[in-house]
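Note sheet for the following structure.
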Amino acid sequence: MNRVLKVALLCGLAVTVASCGTVRRALPFGLGGQDQPAATATEGQRISVLEFEQQLAPSAALAGRDFFLPGPQAATAWTQPGGGADNAVEHVIAGADLTVAWRRDIGTGSSRVHQVMAPVVADNGRVFVLDGESTVTAVDAGSGDVAWRTDIKPEETEAARGLFSFGGGSGGGGFGGGVAIGGGKVFVASGYRTVTALDQATGAVLWTTPVDVPIHGAPTVSGSRVFVVDVENQMFAFDVNTGLQDWSYRGIPEPARIMRASSPAVTGDTVIAPFSSGELIALRASTGQSLWTQVLSRTTRTSALSEIRDIAGRPVISRGVVYAISHAGQMAALDVRSGQPKWQLPVSGVNAPLPVGDVVYVVSKTGELTVVNRESGQVYWTRDLNAERSRKEGGFLGFFDRTVTPKWSGPLLASNRLVLVNSDGELVAFDPKTGAQTASVRLGGAAYIAPAAYNGALYVLTDRGVLVSIR
1 MNRVLKVALL CGLAVTVASC GTVRRALPFG LGGQDQPAAT ATEGQRISVL
51 EFEQQLAPSA ALAGRDFFLP GPQAATAWTQ PGGGADNAVE HVIAGADLTV
101 AWRRDIGTGS SRVHQVMAPV VADNGRVFVL DGESTVTAVD AGSGDVAWRT
151 DIKPEETEAA RGLFSFGGGS GGGGFGGGVA IGGGKVFVAS GYRTVTALDQ
201 ATGAVLWTTP VDVPIHGAPT VSGSRVFVVD VENQMFAFDV NTGLQDWSYR
251 GIPEPARIMR ASSPAVTGDT VIAPFSSGEL IALRASTGQS LWTQVLSRTT
301 RTSALSEIRD IAGRPVISRG VVYAISHAGQ MAALDVRSGQ PKWQLPVSGV
351 NAPLPVGDVV YVVSKTGELT VVNRESGQVY WTRDLNAERS RKEGGFLGFF
401 DRTVTPKWSG PLLASNRLVL VNSDGELVAF DPKTGAQTAS VRLGGAAYIA
451 PAAYNGALYV LTDRGVLVSI R
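When we follow the numbering used here, the leftmost residue of the sequence shown carries the number 1, and every step to the right adds one.
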């Protein structure tokens, strides 16, 4: 539509509503008539609401300074959602050529009633994934051939389970869950209120334990226990051999949460549980005894969304420190023994931080990649990943367009590249020292789950339920 016609339509609209004083004052070109002049604040009277918010800024003391990153190591197993039980993976050999080796459809993708939420795990030559309808698929890591499939949904009908209710309690919540590997078993947590152990070689069901509330996050396996957190902020520990419950811990219930779920982190006899209430709680892994509690919450004056306190990114335990970030605008480095903060930053995010070498990488919910000094919490630099990816969509006849930006998941440091995936269907590589983009790969669909690394390859599960191998 040309400019003249757009102006004509706008003028017609103005004539129709000109009698409304509120609209009349908002019309352009003086079409609404003249009103009495309104008072205008002078420069000295203006107050920015953003001044109430603390902003990230690079530290002058770190300007121009380099930082150490270790060399890449082979990833011969990726048994947990975060690689290992502590969720700490520094630098891996994976995706050196950034070429797609194969793609494999593994089942149901995301839809109105199904959500692909489970991170990829891998071991013993196979990759294990959970689709949007609770079917586990074992795929040959080299060829992409399917070894077995097991549907872990209970026998009750979907209608009886209240599939169309996404809440907790006695409602449904059939979507979500995840997988982890340990001791020759694949452990599956499910939105259908079950925790299941499968034989890693055949997919045969070894045991299934029902729970009262849906589980939207993946389990974590350590020693003789598998740990899960349900949607009502209850933490459970089950025996890996029998499925019997060892202990449970109840946090503060909080229904407002992000549509992705975290997993506990474990080191020694300490398990770190992330809850949607913003609580980060350290428990004794053997007994469930509470060791310490911190709340990662920073209510802001400019965003009601800060009231969603969910810790949706996995906490990471590295060198005796827990790194965690909440949706409510707080990232913290905490002593794993005492819970005392080493430093805190005003960052809101839903991805796990990545401590590696001298620094910690983190991606905010707005798409800013930030590099933080591991010891001091000072910022080296920030990069807006969406600086050249914002676009206008929707609207009508060119009016009322909305700005759309990709959502990012990651990062992972692989073969001297910082790799992330996004909702535009890309895997993108960045220089880990400068943040400059160096390469990208089209995935064939939106991706909301961070990549996994195994035996030299990167594995990405797209929102359509397609597993992509990148070498």
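All residues carry an ideal CB built from backbone N, CA and C; glycine is no exception.
Work out the CA separation of residue j and residue i for me, nearest whole Å.
i: D384; j: L354; result: 17 Å
i: T76; j: L130; result: 21 Å
i: G217; j: F175; result: 10 Å
i: S297; j: G329; result: 6 Å
i: A147; j: F128; result: 10 Å
i: A74; j: P341; result: 32 Å
i: N87; j: A201; result: 25 Å
i: I272; j: V228; result: 11 Å
i: A285; j: R442; result: 41 Å
i: G203; j: D145; result: 15 Å
i: P315; j: G357; result: 17 Å
i: I325; j: G278; result: 9 Å
i: L163; j: V113; result: Because L163 sits at a pLDDT of 41, beneath the cut-off of 50, its placement in the model cannot be relied upon, and the point is left open.
i: R250; j: W78; result: 29 Å
With DSSP as the reference, label residue i as helix, strand or coil.
i: A63; result: coil
i: D463; result: coil
i: P210; result: strand
i: V509; result: No information on residue 509 is available, as it lies outside the stretch 1 to 471 that the chain covers here.
i: R442; result: strand
i: A189; result: strand
i: D335; result: strand
i: L31; result: Note that L31 scores a pLDDT of 42, beneath 50, so its modelled location is shaky and nothing firm can be said.
i: A201; result: coil
i: Y448; result: coil
i: D472; result: Residue 472 falls outside the range modelled here, since the chain spans only 1 to 471, and no answer is possible.
i: V428; result: strand
Confirm, please, whether the CB-CB distance from residue j to residue i is below 8 Å.
i: A452; j: Y459; result: yes
i: E254; j: S276; result: yes
i: M117; j: G178; result: yes
i: G320; j: D335; result: yes
i: E122; j: Y454; result: This sequence places Ala at residue 122; Glu is not what is there. Cβ atoms of A122 and Y454: closer than 8 Å.
i: H91; j: L345; result: no
i: S248; j: T220; result: no
i: F67; j: Y380; result: yes
i: G367; j: T403; result: no
i: T209; j: F187; result: no
i: V466; j: R104; result: yes
i: Q294; j: L280; result: yes
i: A429; j: T438; result: yes
i: G445; j: D463; result: yes
i: D246; j: R225; result: yes
i: N351; j: G410; result: yes
Answer with buried or exposed for residue i, where buried requires no fewer than 16 other C-beta atoms within 10 angstroms of its C-beta.
i: N233; result: buried
i: P70; result: exposed
i: L427; result: buried
i: L369; result: buried
i: D424; result: buried
i: N422; result: buried
i: K365; result: buried
i: E388; result: exposed
i: T40; result: A caution first: T40 carries a pLDDT of 43, below 50, which makes its placement in the model too unreliable to give a value.
i: S376; result: exposed
i: G394; result: exposed
Whole runs of the beta strand (DSSP E) within the region 63-136, excluding any shorter than 3 residues: Here the runs fully enclosed are 100-105, 121-123 and 126-130.
Where are the beta strand (DSSP E) runs, 3 residues long or more, that stay fully inside the region 381-423, in chain order? If we require 3 residues or more, the beta strand (DSSP E) runs fully inside the region 381-423 come out as 391-393, 402-404, 408-414 and 417-422.
Write down every uninterrupted run of the alpha helix (DSSP H) in the region 203-254 whose length is 4 residues or greater and which is fully enclosed by it, in chain order. Whole alpha helix (DSSP H) segments, 4+ residues: zero.
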